[in-house]
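Under this note's numbering, residue 85 is the last one in the sequence shown; the count climbs by one each step, no gaps. Glycine residues also receive a C-beta, built at the ideal position from the N, C-alpha and C atoms. Model, not experiment: these values are computed from the prediction. First up is the structure itself, then whatever we jot down about it.
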Amino acid sequence: MPNCLKQPLSHIWARVLRFLPKQKLRLYRNAIFARHGKKFEDAELQKFFESQSWYKAKDDFTDNILTRIDRVNVKLLSSLEAKAK
Numbered sequence: 001m002p003n004c005l006k007q008p009l010s011h012i013w014a015r016v017l018r019f020l021p022k023q024k025l026r027l028y029r030n031a032i033f034a035r036h037g038k039k040f041e042d043a044e045l046q047k048f049f050e051s052q053s054w055y056k057a058k059d060d061f062t063d064n065i066l067t068r069i070d071r072v073n074v075k076l077l078s079s080l081e082a083k084a085k
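See below:
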């Protein structure tokens, strides 16, 4: 997971990220949730994150665990993802 996702994404990062394919943006957006232990219904996402050494699934995950920074980054990545091809 890119370390940049642990900090507020700046306008500079947003400019860089907008050139990424939709699938990569989706992965980055979901990495924010995975960092907090979300289990994914999407088998492809779950398999990917289970293959990451840092991922630890938690039965008690809720969106309330997300920080303000996480929420801002998810919103930005969602917006970029919606515009991506």
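task = Report all residues from its chain with a CB closer than 7 Å to the CB of residue 82; omit the five preceding and five following residues, and keep chain order.
result = none
task = For the alpha helix (DSSP H) holding residue 77, just list the boundary residues, first then last.
result = Residues 68-83.
key: Option in 66, 80, 27, 64 with minimal Cα separation from residue 42   = 27
inquiry  = Taking the alpha helix (DSSP H) that residue 24 belongs to, which residues open and close that run?
reply    = 22-35
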